[in-house]
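For the sequence shown, this note's numbering assigns the number 181 to the initial residue and increments by one for each residue that follows. The beta carbon of each residue, even a glycine, is placed where N, CA and C say it ideally should be. Before any comments, here is the structure.
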Amino acid sequence: MDTFVNTAGHDGDRLKLVRGRRSWTKIEEDALIICLTNVVHEGWKSENGFRAGFLRELEKGMKKKLPGTDIVAHPYINSKMHV
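Right under this line is the structure:
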């Protein structure tokens, strides 16, 4: 649900992409939990959180579990991790 909004300013007219909030299905949330568990077992968890690159691994896992999904690491998975 992407829309463009006109944000006129001192530089002239500009169009800004505004993304709508994505709703996760129960199947997608379950797949994310399974992928998170796999990432932890594979050693991506450290003492202070996760190592760099773990979002990319989650995205790969999600694409394996749910082929054809539009879920990407940023902003969807990253946002869901902070909720």
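Straight across, the Cα-Cα distance linking T205 with R231 is about 27 Å. The criterion of a C-beta distance shorter than 8 Å is not satisfied by K260 and A211. Per the C-alpha coordinates, the member of T217, E222, S226 and G233 positioned closest to N258 is G233. Between V219 and E239 the beta-carbon gap is near 11 Å, outside 8 Å, which marks them as no contact. Here H262 is not near L235, since their CB atoms are 8 Å or more apart.
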